[in-house]
Structure formats: C-alpha cells, structure tokens
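> Just so we're aligned: 164 in my numbering is position 138 of the sequence shown, and the numbers increase by one with no gaps anywhere.
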Amino acid sequence: MLPTYISGDGAVTEGNRGESVDPSASGCKLEWTRVLNHLKAEVGETAYRNWLQPMCLERCDDGHAIVTAPTRFLRDWVETHYADRLLALWRTENRQVSRVSVVVAMLPGYNGVDYSAGRGPNGGSCDADSVLSEPPLVAEIVEDKAQLSALDHRFTFENFVVGKPNELAHAAARRVAEACTNPVHTVPFNPLFLYGGVGLGKTHLMHAVAWHVRRHARDRKVIYLSAEKFMYQFIRALRFKSTMDFKEQFRSVDLLMIDDVQFISGKDSTQEEFFHTFNALVDQNRQIVISADKSPSDLEGLEERMRSRLGWGLVADLHPTTYELRLGILESKVEQSDIQIPRKVMEFLAHKITSNVRELEGALNRIIADMQLIGREVTLESAQELLRDLLRFCERRVTIDEIQRRVAEHFNIRLSEMTSERRARAVARPRQVAMYLAKQLTTRSLPEIGKKFGGRDHTTVMHAVRKIEELMLTDAALAEDVELLRRMLQS
Ligand code: ADP
Ligand code: MG
27 MLPTYISGDG AVTEGNRGES VDPSASGCKL EWTRVLNHLK AEVGETAYRN
77 WLQPMCLERC DDGHAIVTAP TRFLRDWVET HYADRLLALW RTENRQVSRV
127 SVVVAMLPGY NGVDYSAGRG PNGGSCDADS VLSEPPLVAE IVEDKAQLSA
177 LDHRFTFENF VVGKPNELAH AAARRVAEAC TNPVHTVPFN PLFLYGGVGL
227 GKTHLMHAVA WHVRRHARDR KVIYLSAEKF MYQFIRALRF KSTMDFKEQF
277 RSVDLLMIDD VQFISGKDST QEEFFHTFNA LVDQNRQIVI SADKSPSDLE
327 GLEERMRSRL GWGLVADLHP TTYELRLGIL ESKVEQSDIQ IPRKVMEFLA
377 HKITSNVREL EGALNRIIAD MQLIGREVTL ESAQELLRDL LRFCERRVTI
427 DEIQRRVAEH FNIRLSEMTS ERRARAVARP RQVAMYLAKQ LTTRSLPEIG
477 KKFGGRDHTT VMHAVRKIEE LMLTDAALAE DVELLRRMLQ S
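So this is what it looks like as structure tokens:
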C-alpha cells in the first residue's frame, strides 16, 4: 500500500496515482480527519496549528494507526502531550484501533517526503523502520501531489528572514526560482550549490524555490529529494531492474534539487549515476540546486570530477547566524503565531541560543507551548527556568572541529589543510592559528590537539601557540583575525 497524506486542514492527497482507493484506507482517513477536528476543538486554534496540523496520517493497520510528524521535536511533543487523547478520540471513531504511533517521517524511500530537515542532533526515528510501507517507485516521487506533501508549507521565501549571513544564498535561490518561472526559461548558474552547517536554512531555501515555481509556473517539473533518497531510489531501481525508468524520471525535469549531498559521497555506483544525471541535465540546460554541509572542495569521499563539476556554478554559503538575524527570526515567528512574548525574552533567546535556527525555533516553541498549556504569562525568569537544559547544552565549549572549520573558512583554505602535511605559509599560518585557538578555547591537552591536527607532535602545537602569541604583538592584521575568530567561536 502506498502512503497517504492528509494535511491537517483535512485536504486529502494520495501517494497513489491510480483511481481506486483502498476502502479501509479511506475509512481511516475519515477517522483521522474527525480525530483532528475534535482535538482542534479541545486545544484551540493556535495549539492546533503549532502541534497538530503538521501531522500526517501514514496508515492504519490491524488496529494500529501510524501518524507522522515532520520533526523529532514535534514527534516528542505530540507523543507526550496528545498521544492519550489521540488514542481515546480515535477509539470513539473506531473501536478496533488499539494503538496510535507517532513517528518521524524521515526514512529513505518514504514517499517523496524528506524530513531530514527536522532531524535532531541524534537523528533516529523511533520505530519507523518496521512500520512504514513498501517504498514506492520513483514515479511517485515526481508525481505532483506526492511532491507537494513533501514540501513543508512553512518553508517559503516569505517566511525566510534575510540577514547578512544568508543574503547571498537567499538572493541566489530567488534568482533561480524567478528564472525558472520566467516564460523564457534561463539558467542563471548551474548548479546552485548551497552549503552551511546544520539548521541554517538550506532545506528551507530549497523548498521555497519549489513553492515559488509551483505557484508561478505549474507546468514546470520539479523534483526535490534528499541525497539519501536519491541513493535509495537508485539502489531500488537496480534491484528491480528499472534503472531506465529511474533515469527517465530524473532526466525529464526542469528543476532538480538534491538536499544533503554529503550523504552521497562514498557510494560509488550512486555517485556515478548522480554524475551522469547531473551532466545530462546540465547539457539540456536544466536547473540543478544542490545542498551540502560543506563546500564542494571540502566534501569528502567525492570523486574529483564530481567535486569540480559541483563547483562550476554558483557556490553560496550560509554563515552561522548573527544576533541580529536571530532576533529578526524570532520576531517574525512570534508575529506569525499571534502570541505576545516580551521583547526581553526574545533578546535573551537570541543571545543564548546561537547554535542554529532550528534550536532557536525549538526553544521558542517550548515557550509558546508552555504558555498555551499551562496558561501562564512568560517572563524572563520563566523562560530561563524552562530552557535550563537546552541552555546548558548551548553553553558547551567549542570543539576543535569547529575551530578548524571556522579558521579554514576564514582564511579561505580547504578544511583538509588543517591535517595536511603542507608547510606553505598560506596554509601553515592558519593551521597555527587554529592550534592556538584550540589551546585557548578548549580544555584539550597539547598532545590531544596535535592528534586532531593530522597526528602532529605536542611540541609542534606548543611552537604554534608561541608563534601566534608572538605574531599577535607585531602583526595587527593577524591579531584582528584571531580576535574575530575567537569572538565568533565563543558567541
Ligand atoms: P538546514 O537544511 O540548513 O539544516 P533548515 O532549512 O531545515 O536547515 O532550517 C532549520 C529551521 O530553521 C527550519 O524550521 C527553518 O524554517 C528555520 N530557518 C532557518 N533559517 C531561517 C531564516 N533565515 N528565516 C526563517 N526561518 C529560518
Ligand atoms: Mg536540511
């Protein structure tokens, strides 16, 4: 059976292209719509919109109803706060239902849905593996309706707050979206390669492009999927000997977007296929958008020709957020949620939760939920209390990996130079800066630091630390670089 989607507002879409619908499945859909309506009446419009609307019915089997949540946070929330009500209400609709599971929709092969966006730091999707249905063929992925349900309705350009750290990526994504909907189809840069750390808005921008095209040029064929899913589909096609179909599906699109390509690296045959698909599309002047957590040159396990091809178009990075951007995002979210939150609380959040936008949203959602469920006013004190665990996590010390990444970025060298043998000044100096910062900002010992820098000796690290200390006294530009990096790493 194919997955079925029902969006929270009761609109029904199906993963199935055919006319006939499994009668028990449609019964299940009806029940789910009713359950949702009841819950909505119980919890109120806003809580409903925040927590329940994003849920989708996955399926109903032998009295076991499975609904999906787009993120782990939502899954946990719905499970702790609404699971009992969900089951109770469902049982008033259908006595045979004895269990309701909430799972995170993030499996490869899951019909056109990529919710990796919502994956928390630990990933993981409870018992989804055992409950999700037979994966669909590629055909369903590009099927219109299934595609739509794959896109998060909140991830639009309108909802994207632009600031210094993301303005280039945003402008580039917009350019692509507009070019794609222009009657005279042009391809401004191919591919558009978006990269940046987790939770900084890559998936959001890709979905925004898809929504824009969808809204302004319905006839354009758009595929958005995660690299993991691309791989999965490909392997599946190999197994079912339908690789021809697979190729055709991908090669007939106007816009292909593949999210998180770092997951493709290493798998040879998939890389090969990806490369061919990629080339075929570029040759036909079709737009490609790619995202990854690193720049093309820093992606590991990627063939050289692939690496260089990926860097051909425009490479735009999303920098870590600034205080101003974080505050702007909070303001925009609060505005949308028709809830009053004191400015002090928002400033506190923007100040403290610096890791990424996803964590920031999580914190805000926790505060909103608390207000709605417990019905108390939010104050600076109550916010601090509520977020104590989260804040402790955010105040963790910087890691050497982070230092290396930031320093490499700052000096515009490859991350791999941090561990390489090369002694050229252009790479040796930044490496020394990174070692110096590692000594200053972490509690690691000199030998531990040496190990992280390609197995160097502790004396090398010591030398680096002294050298930078010395240079900072005489070289104002370097001193400034180091200060800037230190502040950025500690913010
Ligand atoms: P990534 O794909 O880079 O890991 P996402 O695109 O999934 O990150 O973003 C994580 C969350 O943060 C999403 O809910 C997204 O809507 C939100 N977000 C990120 N950047 C912005 C922004 N500039 N404005 C509004 N929301 C944002
Ligand atoms: Mg993402």
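Each residue gets a CB set at the ideal place from its N, CA and C atoms; glycine is no exception. Only a predicted model underlies this, so the values are computations on that prediction, with no experimental measurement involved.
Helix, strand or coil, according to DSSP, for G146 in the structure here?
Low confidence applies here, because G146 scores a pLDDT of 32, under 50, leaving its location unreliable; read the following figure in that light. Correct three-state label for G146: coil.
> Whole angstroms are fine: how far does the CA of M397 sit from the CA of S408?
Those two C-alpha atoms are separated by around 10 Å.
> Output the distance between the C-alpha atoms of S381 and R240, rounded to the nearest integer angstrom.
Cα to Cα, S381 sits roughly 32 Å from R240.
> Looking at R180 and the ligand ADP, is the gap between the Cβ and the nearest heavy atom below 8 Å?
Answer for R180: yes, Cβ within range of the ligand ADP.
> Nearest by alpha-carbon distance to V126: which of A342, C86, Q79 is it?
When each option's Cα is compared against that of V126, the closest is C86.
> Please state whether DSSP places I316 in a helix, a strand or coil.
Here I316 sits in strand by DSSP.
> Going by Cα to Cα distance, which pick from I92, L62, V424, E68 is closest to L78?
Taking only the C-alpha atoms, the option nearest L78 is L62.
> Which residues end up in the neighbourhood of the ligand ADP when you take C-beta atoms closer than 5 Å to any of its heavy atoms?
Output, sorted by chain position: A143, F186, V187, V224, G225, L226, G227, K228, T229, H230, I355, V383, R384.
> For R244, which three-state DSSP category applies?
R244 falls in the coil class under three-state DSSP.
> Identify the residues that DSSP records as bridge partners of M283: which are they?
Answer by DSSP bridge pairing, in chain order: Y250, V315.
> How far does the alpha helix (DSSP H) with V360 in it extend, from its first residue to its last?
Where V360 is concerned, the enclosing alpha helix (DSSP H) stretches over 349-362.
> What whole-angstrom Cβ distance do N216 and Q313 have, given they're in contact under 8 Å?
Confirmed, about 6 Å.
> Can you tell me which of the three DSSP states T207 falls into?
Three-state result, T207: helix.
> Look at the alpha carbon of E299 and the alpha carbon of Y258, and state the distance between them as a whole number of angstroms.
Those two C-alpha atoms are separated by around 12 Å.
> If R14 sits next to F183, beta carbons under 8 Å apart, how far is it from one beta carbon to the other, in whole angstroms?
Here the chain comprises residues numbered 27 to 517, so residue 14 is not present and cannot be evaluated.
> State buried or exposed for E443, treating a residue as buried only when at least 16 other CB atoms are found within 10 Å of its CB.
Buried.
> Pull up the distance between the alpha-carbon of Q466 and that of I494, whole angstroms please.
C-alpha separation (whole angstroms): 12 Å.
> Where does V424 sit, in a helix, a strand or coil, going by DSSP?
The answer is coil: DSSP assigns V424 none of H, G, I, E or B.
> Which residues in the same chain have their Cβ closer than 7 Å to the Cβ of A389, if we skip the five residues on either side of it in sequence?
These residues qualify, in order along the chain: L375, I379, L413, L416.
> Taking C-alpha atoms, which residue in I365, F219, M461, V315 lies nearest to T485?
Cα-wise, what sits closest to T485 is M461.
> Which ranges would you report for the beta strand (DSSP E) in the stretch 181-235 if only whole runs of at least 3 residues count?
Here the runs fully enclosed are 218-222.
> Residue ranges of each beta strand (DSSP E) run of no fewer than 3 residues wholly in the stretch 64-138, ordered along the chain?
Here the runs fully enclosed are 82-87, 90-95, 125-130.
> Any contact of the stretch 221-235 with the stretch 263-270, i.e. 3+ C-beta pairs under 8 Å?
Counting Cβ pairs under 8 Å, fewer than three are found: no touch.
> Taking all protein chains shown into account, decide if A234 is buried (16 or more other Cβ within 10 angstroms of its Cβ) or exposed.
So A234 counts as buried.
> With burial defined as no fewer than 16 other Cβ atoms inside 10 Å of the residue's Cβ, what is the status of H22: buried or exposed?
As displayed, the chain neither begins before 27 nor continues past 517, which places residue 22 out of reach and without an answer.
> Name the DSSP bridge partner or partners of V433?
In DSSP, V433 forms no bridge with anything.
> Going by the C-beta, is D286 closer than 8 Å to any heavy atom of the ligand MG?
Answer for D286: yes, Cβ within range of the ligand MG.
> Would you be able to state if there are at least three C-beta pairs under 8 Å between the stretch 330-341 and the stretch 354-362?
No contact exists between the stretch 354-362 and the stretch 330-341.
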